[in-house]
Amino acid sequence: MSRTISIAGRKIGVDQPPYVIAELSANHNGSLDRALAIVDAAHKAGAQAVKLQSYRADTITIDHDGPEFMVHGGLWDGKRLYDLYAEAAMPWDWHEPLFKRGRELGIAVFSSPFDFTAVDLLEKLEAPAYKIASLELCDIPLIERVAKTGKPIVMSTGASELGEVAEAVAAAQAAGAKDLVLLHCTSGYPTPPRDSNLSTIPHLAQMFDAVIG
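Going by this note's numbering, 71 is the number at position 62 of the sequence shown; the sequence numbering is gapless.
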């Protein structure tokens, strides 16, 4: 089924122009000035929104040296997850100036919260929408907390089976969510074309009462 929703006054749906979300996330490299410059660049490039990630090392992992909490291979080989998240996290006090810059430019700014304290922060900043990261799609209490805000929810589906997506959608709707977006995601960066599974997009559209991307 075809649906249309709105985020910060911009309509999103099959019959609408593409809605481009620029990913800020950890690309700030520890600099608020760089983060603000990314918002500026996203606006200049024509994006409709900028997305942050809102978490702290203490709320996303534990301070532990065990092998399960170390990175094995790749760019961060040998690094502790706790230290990596501490470096990548968006400081709480950066959120307000980033939201302010977005309002000044007329570009929506919202975020992926990873715990209830992040939702509380984003509500104080009047976030126009919420993003549920792929790996949080199974965090039903978080989804319910976000849904109770009444804001639109964009949910990524990487690494999830169809039943898990259905459970997340049902939980969001039962908690009051009216406007849902489901994003097909492979959680592979970069994704080999053979793994893109683009036929999942129309399948999701057939299965769920949501905007699909």
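Yeah, the Cβ is synthetic: ideal placement off N, Cα and C, and Gly gets one too.
Sort Arg65, Ala54, Ala17, Gly22 by Cα distance to Phe119 and report the nearest one.
Measuring from the Cα of Phe119, the nearest candidate turns out to be Ala17.
Comparing alpha-carbon positions, which option in Ala136, Leu144, Ile116 lies nearest Ser165?
Measuring from the Cα of Ser165, the nearest candidate turns out to be Leu144.
Cα separation between Leu189 and Lys157?
Their backbone Cα atoms lie some 13 Å apart in a straight line.
Once DSSP output is grouped into helix, strand and coil, what is the label at Val80?
Coil.
Within its chain, find whatever has a CB closer than 7 Å to the CB of Lys160; leave out the 5 residues flanking it on each side and keep chain order.
If we look at Lys160 and ignore the five residues flanking it on each side, its Cβ neighbours are Ala136, Pro137, Ala138, Tyr139.
Assuming Val178 and Val155 are in contact, meaning their beta carbons sit under 8 Å apart, how far apart are those beta carbons, in whole angstroms?
About 13 Å separates the two Cβ atoms, so there is no contact after all.
Give me whichever residues DSSP pairs with Gln62 in a beta bridge.
BP columns for Gln62 point to Ser121.
Tell me where the beta strand (DSSP E) around Lys140 begins and ends.
139-141 is the span of the beta strand (DSSP E), which, as asked, contains Lys140.
Give the straight-line distance between the Cα atoms of Phe217 and Pro211, rounded to the nearest whole angstrom.
Cα-Cα distance, rounded: 10 Å.
Quick check on the DSSP output: the alpha helix (DSSP H) that includes Thr13 runs from which residue to which?
Run containing Thr13: none in the alpha helix (DSSP H); it sits in the beta strand (DSSP E), 13-16.
To the nearest angstrom, how far is the alpha carbon of Gly115 from that of Ala142?
Each residue's alpha carbon lies about 24 Å from the other.
Hey, how far is the Cα of Met10 from the Cα of Glu176?
Residue placement at Met10 is flagged as unreliable, the pLDDT there being 44, under the threshold of 50; the coordinate-derived value follows with that caveat. Their Cα atoms are separated by approximately 19 Å.
Whether or not the segment 38-47 and the segment 188-202 are in contact is what I'm after, with contact meaning three or more pairs of Cβ atoms, one per stretch, closer than 8 Å; do they touch?
The segment 188-202, when compared against the segment 38-47, does not touch it at the 8 Å Cβ threshold.
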